[in-house]
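As structure tokens, the structure follows; a few thoughts come after it.
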Amino acid sequence: MPVNLPLSRPDFIEVENFSFHYGEKRAIFDISMKIPENQVTALIGPSGCGKSTLLRNINRMNDLIEGVRHEGDIRIGGTSLYDPSVEVISLRKRVGMVFQKYNPFAKSIYENVIFSLRVAGRSKRSLLDETVERALKSAALWDEVKDRLHDSAFGLSGGQQQRLCIARAIANQPEILLMDEPCAALDPLATLKIEELITRLKSQYTIVIVTHNMEQATRCSDRTAFLYMGKLAEYGETVQIFENPSNPETEAYITGRFS
Ligand SMILES: Nc1ncnc2c1ncn2[C@@H]1O[C@H](COP(=O)(O)OP(=O)(O)O)[C@@H](O)[C@H]1O
Ligand SMILES: [Mg+2]
4 MPVNLPLSRP DFIEVENFSF HYGEKRAIFD ISMKIPENQV TALIGPSGCG
54 KSTLLRNINR MNDLIEGVRH EGDIRIGGTS LYDPSVEVIS LRKRVGMVFQ
104 KYNPFAKSIY ENVIFSLRVA GRSKRSLLDE TVERALKSAA LWDEVKDRLH
154 DSAFGLSGGQ QQRLCIARAI ANQPEILLMD EPCAALDPLA TLKIEELITR
204 LKSQYTIVIV THNMEQATRC SDRTAFLYMG KLAEYGETVQ IFENPSNPET
254 EAYITGRFS
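Numbered according to the working numbering, the sequence shown spans residues 4 to 262.
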């Protein structure tokens, strides 16, 4: 066992009085929350309540949309994402993202994994080979694809394509992994594999996952945030949120009285 492991930071990601507007439309209302390092934090709540908007602000993905503005702050490891010294490109290296619809590129399995290294101009064969093996092993895909690394990614099953997207997202060894309904397009077995993977990956990454699946939140998250109409209605340990919610809307939502 390694000794002297650094203690996880309870306030690794700090969202402080954060509001977000798409033009006239306000999607997030004054959210404050602290997301701990090396845990899985689930964002749940009805459609349109702002889950994706909050998630996509953690790597400033929403900046790309015309007419948006924010108030408040988001900090990672104490540094504001909006600090003038923060470059969005390097921020995205620290904060990887996986989407609902798995989206590998029209390339080989190998080239998908090392895509960001190619973009960065890295071409040393041994580095690329090592990265492919490490990332695919971390994404629990290596054994299934090691003999066909140069085949098209599109030949893989949906669940395998999503694990490939996870491998691509972690190839650069980010600190944070954002996942927006990563299992929504997958069957139950493929979903289970991704959930097992999430549970394993949290020792290395801080994971924030949006999910519509309550069982998924209880199975793989440590903390759960319930968003309701753009506000943070309730946030705490997943066990507490599901067994003893303090907010009536949370209870109505998790017991399936509205979706
Ligand atoms: N690009 C956009 N332009 C304008 N409004 C948007 C955009 N994306 C999301 N919204 C609005 O912001 C609100 C929150 O959306 P979203 O974060 O996608 O919710 P969720 O992921 O919880 O379903 C919704 O009312 C949605 O219509
Ligand atoms: Mg969404």
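By construction, the Cβ of each residue, glycine as well, lies at the ideal position given by its N, Cα and C atoms. Just so we're clear, the structure is a prediction, and the values are computed from it rather than from any experiment.
Is it buried or exposed, residue i, if we count other Cβ atoms within 10 angstroms and call 16 or more buried?
i, result
"N20", "exposed"
"R121", "exposed"
"I68", "exposed"
"Q164", "buried"
"F261", "exposed"
"A109", "exposed"
"E40", "buried"
"P276", "The first residue shown for the chain is 4 and the last is 262, placing residue 276 beyond what the model contains."
"I51", "It is worth fixing the name first, because residue 51 is Gly in this sequence and not Ile. With fewer than 16 Cβ atoms within 10 Å of its Cβ, G51 is classed as exposed."
"E17", "buried"
"S129", "exposed"
"L10", "exposed"
"G53", "buried"
"P107", "buried"
"D132", "exposed"
"K205", "buried"
"E198", "buried"
"R203", "exposed"
For the putative contact between residue i and residue j, defined by C-beta atoms under 8 Å, what is the C-beta separation to the nearest angstrom?
i, j, result
"L84", "I77", "5 Å"
"S141", "A123", "Contact doesn't hold; Cβ gap of about 19 Å is too wide."
"Y113", "A188", "Actually they do not touch by this definition, with Cβ atoms about 24 Å apart."
"T82", "V71", "Not really, about 21 Å apart at Cβ, beyond 8 Å."
"I241", "T221", "Here residue 241 is Thr; the residue named in the question, Ile, does not match the sequence. Yes, T241 and T221 are in contact; Cβ-Cβ is about 6 Å, under 8 Å."
"M100", "A172", "6 Å"
"I61", "I179", "7 Å"
"A193", "I117", "About 24 Å separates the two Cβ atoms, so there is no contact after all."
"R166", "A143", "6 Å"
"P251", "E237", "So it is not a contact: roughly 10 Å between Cβ atoms."
"F15", "G80", "6 Å"
"V211", "L235", "Going by Cβ atoms, the distance from V211 to L235 rounds to 13 Å, so no, they are not a contact pair."
"V213", "S55", "6 Å"
Please confirm whether any heavy atom of ligand 1 lies closer than 7 Å to the CB of residue i.
i, result
"T44", "no"
"Y25", "yes"
"K28", "yes"
"S50", "yes"
"I68", "yes"
Is there at least one non-hydrogen atom of ligand 2 closer than 7 Å to the beta-carbon of residue i?
i, result
"K234", "no"
"K54", "yes"
"V213", "yes"
"D183", "yes"
Since residue i sits in a beta bridge, which residues does DSSP pair it with?
i, result
"S111", "S155"
"I47", "F229"
"E69", "Answer is none; E69 lacks a bridge partner."
"G99", "L180"
"G239", "T227"
"K264", "Within the shown structure, residues of the chain are numbered from 4 to 262, placing residue 264 beyond reach of any answer."
"M36", "V18"
"V91", "Answer by DSSP bridge pairing: none, since V91 is not bridged."
"E74", "S22"
"V211", "T44 and L181"
"T82", "I79"
Within the present structure, is the beta-carbon of residue i separated from the nearest heavy atom of ligand 3 by less than 7 Å?
i, result
"A220", "Here the bound small molecules are ligand 1 and ligand 2; ligand 3 is not part of this structure."
message: Below 8 Å, how does it come out for the stretch 230-243 and the stretch 29-42: are there three or more Cβ pairs, yes or no?
response: yes
- prompt: Looking at C-beta atoms only, is the number of pairs between the stretch 146-157 and the stretch 172-191 that lie closer than 8 Å three or more?
  reply: no
query: Just checking, does the stretch 218-228 make contact with the stretch 42-62 on the three C-beta pairs under 8 Å criterion?
result: yes
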